[in-house]
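Each residue of the sequence shown is one higher than the one before, counting from 1 in our numbering.
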Amino acid sequence: MLTAVLVWCVSFVLAQSSPVIRSGLIFPPQEKHVHASTLVALPNGDYLAAWFYGSGERTADDVKIMGARLKKGEQTWSEPFEMADTPGLPDCNPVLFLNKSGKLFLVWIAVQSNRWEYSILRVRTSVSYLKAGAPVWQWQDNILLKPGNEFADEVAKKFKQLPKRSVAWAEYAPSYDDMIIEASKDLRKRSIGWMTRIKPLITTKGKILLPLYSDGLNLSLVAVSDDDGTTWQAGLPIVGRGPIQPALAEKKDGTIAAYMRDSGDDPSRVQYSESADEGKTWTPAYKTGIPNTASVEVCVLKNGKWAFLGNDIDDGRYRLSLFLSDDEGKTWKWKMRIEDHPKNEGGYSYPALIQGADGLLHMTYSHHASKNGKSIRYVVVDPEKIK
1 MLTAVLVWCV SFVLAQSSPV IRSGLIFPPQ EKHVHASTLV ALPNGDYLAA WFYGSGERTA
61 DDVKIMGARL KKGEQTWSEP FEMADTPGLP DCNPVLFLNK SGKLFLVWIA VQSNRWEYSI
121 LRVRTSVSYL KAGAPVWQWQ DNILLKPGNE FADEVAKKFK QLPKRSVAWA EYAPSYDDMI
181 IEASKDLRKR SIGWMTRIKP LITTKGKILL PLYSDGLNLS LVAVSDDDGT TWQAGLPIVG
241 RGPIQPALAE KKDGTIAAYM RDSGDDPSRV QYSESADEGK TWTPAYKTGI PNTASVEVCV
301 LKNGKWAFLG NDIDDGRYRL SLFLSDDEGK TWKWKMRIED HPKNEGGYSY PALIQGADGL
361 LHMTYSHHAS KNGKSIRYVV VDPEKIK
């Protein structure tokens, strides 16, 4: 009996000291593909999550956006419900957010011709989203962007500012840089194929910065709204060798930082860029020291610290880590593993990360266990307990 009491006491102390407050799957593991979740905290204390679900990303036309709700004070998520479905096309990469007026936005992509580079941005909004089940959508449209000739000029300019490549192509093949510069001159290629992945940033001045990326051009840009999400204009591209899926954070001086997944050459590292004009122009993207293969997310906390969540490895998605910084990302002094598995035993990636009114970090991410099927995991972490 004494041994049992001691074991219980030790377990209780460890549970009390652990940064992880709760962790569990939103729905039971299943065979179909689920991926790319998003998460938003609602004014009534509920949490709303969304992800895409179907027979297989861009290759299957049955892919649609699904969601679930966690009611305030409850421990179990609702049964999944449909959030959006474009008939005959795959719907992927949902992003949920509230504008300054409290209107709920869902932005996602419909994948034409089953190719990422032909994706179309779609948006729907709701002011009736606090009741059980899916929000009641009042409005829907496409977000159409038309980057001008300055887009191509910026690509050419910023590639000249990048370090020379250490890996050469074949003698008779054009260089990677030259191919992207040439592709950026095509109005059609730079006007479609922009895709969502990470939540937008609402700046201290009130602009909404929606991060986007292109698999066709293998770079990123930010769509900027000055009118609370009614209209959008394309900023100039974030140029580098494979900087995609930007996660944005605003510094105290107003500079916007972008942390990006590396889709370029080795070594695979988180890429970084900055904007001094609220997302219109960006410095050339460069590789940081953080390993990366699949995904990144960032969040500025109420106490001024920054949180980074991503796959900090260079050969898979089997590890997902949370970093904290007290100097706006210059250094990451605290770190904890959210998922850590042997290589080739599942994938844990594409996280969403927000801070709730409770001060805790709430996250969702794709949970693809190698033997148990696929789901979305929800984890709550107390950042004050990360040592």
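We treat Cβ as the ideally placed atom computed from N, Cα and C, and that holds for glycine.
- In this structure, the CA atom of Pro174 is about 15 Å from the CA atom of Phe159.
- At least 7 Å separates the beta-carbon of Ala352 from that of Leu70.
- With a beta-carbon spacing of about 21 Å, Lys189 and Val224 fall beyond the 8 Å limit used to define contacts.
- Looking at the DSSP output, Arg58 sits in no beta bridge, so it has no partner there.
- Boundaries for Lys205: no beta strand (DSSP E) harbours it, and the DSSP string shows neither H nor E there.
- Closest by C-alpha distance to Ala68, out of Asp62, Ala60, Pro80, is Pro80.
- By the criterion of at least three beta-carbon pairs nearer than 8 Å, the segment 352-372 is in contact with the segment 302-321.
- Bounds of the alpha helix (DSSP H) holding Asp177 are 176-184.
- According to the DSSP secondary-structure assignment, Gly310 is paired through a beta bridge with Val296, Ser321.
- Taking every protein chain shown into account, the CB of Tyr172 has fewer than 16 other CB atoms within 10 angstroms, so this residue is exposed.
- Annotation: the segment 193-269 contains no complete segment of the alpha helix (DSSP H) (minimum length 4 residues).
- With the rule of 3 Cβ pairs closer than 8 Å, the segment 34-50 counts as touching the segment 93-100.
- By the C-beta criterion, the segment 261-271 is judged not to be in contact with the segment 327-345, since fewer than 3 inter-stretch pairs fall below 8 Å.
- For Ile120, the CB contacts under 7 Å within the same chain, skipping 5 residues up- and downstream, are Ile109, Ala110, Gln112, Asn142, Ile192 in chain order.
- Pairing Asp215 with Glu57 gives a Cβ-Cβ distance that is not under 7 Å.
- Counting along the chain, the unbroken beta strand (DSSP E) around Gln355 starts and ends at 347-355.
- The beta-carbon separation of Leu212 and Thr196, rounded to 6 Å, stays under the 8 Å limit for a contact.
- Taking C-beta atoms as the reference points, Thr255 and Ala285 fail to come closer than 7 Å.
- In terms of CA proximity to Asn372, Gly346 leads the group Lys385, Gly346, His35, Gly304.
- In terms of Cβ geometry, Glu339 and Tyr350 do not form a close pair [threshold 7 Å].
- Apart from the 5 residues on each side of it in sequence, Ser268 sits with its Cβ closer than 6 Å to the Cβ of Asp262, Asn292, Thr293, Asp314 in its chain, given in chain order.
- Asp85 sits in coil when the DSSP states are folded into three classes, being neither helix nor strand.
- Secondary structure note for Arg124: it is in no alpha helix (DSSP H), and the uninterrupted beta strand (DSSP E) holding it is 119-126.
- Distance from the Cα of Ser55 is smallest, within the candidate group Ser366, Gln271, His33, Leu130, for His33.
- For the set Trp232, Phe52, Asp46, Lys64, the Cα lying nearest the Cα of Gly73 is the one of Asp46.
- Collapsing the DSSP output to three states places Trp137 in coil.
- According to the DSSP assignment, Asn93 belongs to the beta strand (DSSP E) that extends over 91-98.
- With a cut-off of 8 Å on Cβ pairs, the segment 85-94 is in contact with the segment 60-67, counting three or more such pairs.
- In this structure Ala132 is exposed. Its beta-carbon is surrounded by fewer than 16 other beta-carbon atoms within 10 angstroms.
- The continuous alpha helix (DSSP H) containing Lys160 extends over residues 149-161.
- Residue Thr288 holds the alpha-carbon nearest to the alpha-carbon of Pro243 among Asp253, Trp51, Trp137, Thr288.
- Using a Cβ distance threshold of 7 Å, Glu250 and Thr203 count as a contacting pair.
- The shortest CA-to-CA distance from Leu106 to any of Asn114, Arg122, Pro28 is the one to Arg122.
- Annotation for Lys189: no beta strand (DSSP E) segment contains it, though the alpha helix (DSSP H) segment containing it runs 187-191.
- Within the model, the alpha-carbon separation for Arg377 versus His367 is close to 6 Å.
- Burial state of Leu144 is exposed, judged by a 10 Å Cβ sphere holding fewer than 16 other Cβ atoms.
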